[in-house]
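Worksheet for the structure shown next.
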Amino acid sequence: MSNWVLSGMEVVHFSDTHLGFREFHKIDPKTGINQREQDVYDAFTQLVDRVLRINPDLVVHAGDIFDSVRPTNRAVNLATEQFARLSEAGVPTVLVAGNHDTPKISTTGTIIRALDRLPNVEAVTSDPEGDNSGYRKIAIGNSLVHALSDAPTEDELSERIEKLEPEESYNWNLLVLHAGVRTLEGQVFSGEFNEHHVNKELIANLGFDYIALGHYHKRVEIDLPSKTRAVYCGAPERFSFNESDYQPGFLKVHLEEGGVSYDEELTETRDFIRLDSVNGEDLTAREIQEEVESRLPGRQKVEGSLISLKITGIDDNTYSLLKERLLDDLRDRAFETNFQAVGPEKSDTDASLLMFSDLRTEFSNFMKDRAKISDELDSERLIETGQKYLGIALGEEDEG
-3 MSNWVLSGME VVHFSDTHLG FREFHKIDPK TGINQREQDV YDAFTQLVDR
47 VLRINPDLVV HAGDIFDSVR PTNRAVNLAT EQFARLSEAG VPTVLVAGNH
97 DTPKISTTGT IIRALDRLPN VEAVTSDPEG DNSGYRKIAI GNSLVHALSD
147 APTEDELSER IEKLEPEESY NWNLLVLHAG VRTLEGQVFS GEFNEHHVNK
197 ELIANLGFDY IALGHYHKRV EIDLPSKTRA VYCGAPERFS FNESDYQPGF
247 LKVHLEEGGV SYDEELTETR DFIRLDSVNG EDLTAREIQE EVESRLPGRQ
297 KVEGSLISLK ITGIDDNTYS LLKERLLDDL RDRAFETNFQ AVGPEKSDTD
347 ASLLMFSDLR TEFSNFMKDR AKISDELDSE RLIETGQKYL GIALGEEDEG
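Put into structure tokens, the structure is as follows:
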């Protein structure tokens, strides 16, 4: 990395690209791979296109480059190609491994280290064979980047953060960190295996000018009692119906004499449409249909989108009529639908009468939320293996 003096600095902050993510069993007609996997690749490629046009002084990726600690060859190739574009353009790029990139057993190693071989790219991991085992200081002009990888355990991550110290000889000190912050629990969707959280107080008074956070896919700034600005940049794509209200994108951060500011940059992705819940208790099937149709966007916007809808107070017969008149048509027009119908005597916490989801997603959710997995087993690998064999059975994945 070069050391040059800058009066100000522009930084692109992005995170949670989750390359290799796949969901549902629709195939992209051009590439022949899972359509949602291709959507994620397209969003990442679009982001790199935008970064090259911006031509910032620095790019930081705050973790979860891949969706799995054992990404496919396709995901690795795509990541290498896109980061190589930044490398060849001479854009200093700093990456840290997130919880999806970091195996629970540290000796397993991570593919992220391979990206460290690209010129102008610094990839920091907790791999024991890597540099400084999870922490690296990188000077970019008159700024110092403190890149901290996710750690095998939450306690170890907190211990590493406690030892961090900005260096006053630099105009700006930036921390790149992948972790949840406990004060935000309940405000953003999370609940992953192997995720780590830290207390807000732990990062509040470290003295950094900007903390580039990754992990939560929603763009949100942490309210700190100091001049430090700590921000989750969000993800460049949505990864579930729970994220339908999120705006995919990244941040363009300005480090200037007057302080730190940032602009939101949105990426163009497949539409997620979450319709307001409909109370059908006192309505006929026709009236529910009219209510739903009044909330739908234009027909063209529905095509290829993901639609989520919940109807409460509806009995089996009314649901059957509604399904025949409307829901089957929506399912044919949209890319994917998530319809929930709750009976008249069921509360929001009861099981729905009907809930459609992808088989591999249902398996993953079951293993995370309900299965009792022995501590002696590698739960992350167990889920990955199950996902793989379900993919083979569904014809989405090769046995090799």
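According to our numbering, the sequence shown holds residues -3 to 396 in order. Just so you know, even glycine gets a beta-carbon here, dropped at the ideal spot from N, CA and C.
From what residue to what residue does the beta strand (DSSP E) around residue i run?
| i | result |
| --- | --- |
| A208 | 206 to 210 |
| R32 | Unbroken run through R32 is the alpha helix (DSSP H), 31 to 50; no beta strand (DSSP E). |
| D169 | Correcting the residue type first, residue 169 is Asn in the shown sequence and not Asp. 168 to 174 is the extent of the beta strand (DSSP E) around N169. |
| R225 | 225 to 228 |
| N334 | 332 to 338 |
| L144 | 139 to 144 |
| S257 | 255 to 262 |
| R431 | This structure gives no information on residue 431, because the portion of the chain shown stretches from -3 to 396. |
For residue i, verify whether its CB is less than 7 Å away from any heavy atom of the ligand ATP.
| i | result |
| --- | --- |
| F335 | For the ligand ATP, the structure offers nothing, since it holds no ligand at all. |
Can you tell me which of the options puts its alpha carbon nearest to the alpha carbon of residue i?
| i | options | result |
| --- | --- | --- |
| T76 | V338, A110, E283 | A110 |
| T333 | D267, D123, R66, G86 | D267 |
| L144 | P88, G210, R178 | G210 |
| D219 | S257, V47, V227 | V227 |
| A39 | F17, P25, V117 | F17 |
| L428 | G294, R32, E299, E289 | Outside the displayed span of the chain (-3 to 396) sits residue 428, for which this structure offers no information. |
| A337 | S139, V56, R329, S316 | S316 |
| P221 | Y212, N201, R234 | N201 |
| K159 | V120, G203, N167 | G203 |
What do you get for residue i, buried or exposed, if any count of 16 or more other CB atoms within 10 angstroms of its CB means buried?
| i | result |
| --- | --- |
| Q34 | buried |
| N195 | exposed |
| D346 | Because D346 sits at a pLDDT of 38, beneath the cut-off of 50, its placement in the model cannot be relied upon, and the following sentence gives the value as read from the coordinates. Exposed, by the Cβ-count rule. |
| G245 | buried |
| T280 | exposed |
| E239 | buried |
| F352 | With a pLDDT of only 42 at F352, under 50, the local geometry of the prediction cannot be trusted, and no value is derived from it. |
| K223 | exposed |
| S64 | buried |
| D344 | Interpretation of D344 is limited by its pLDDT of 45, a score under 50 that renders its predicted location unreliable; the figure taken from the coordinates is listed afterwards. D344 should be labelled exposed. |
| Q296 | exposed |
| I379 | buried |
For the alpha helix (DSSP H) holding residue i, just list the boundary residues, first then last.
| i | result |
| --- | --- |
| S290 | 281 to 291 |
| Y242 | Unbroken run through Y242: none, as it is neither H nor E. |
| K297 | 295 to 298 |
| E407 | There is simply no residue 407 to check, as the chain begins at -3 and stops at 396 in what is shown. |
| T13 | Taken as a continuous stretch (DSSP letters only), T13 belongs to no alpha helix (DSSP H), as it is neither H nor E. |
| R327 | 324 to 329 |
Rounded to the nearest angstrom, how far is the Cβ of residue i from that of residue j, given a contact under 8 Å?
| i | j | result |
| --- | --- | --- |
| F10 | C229 | 6 Å |
| A93 | V172 | About 11 Å; that fails the 8 Å criterion. |
| A231 | D12 | 4 Å |
| H192 | L153 | 5 Å |
Could you pull out every unbroken alpha helix (DSSP H) segment of at least 4 residues lying fully inside the stretch 68 to 128, listed in chain order? 69 to 84, 108 to 111
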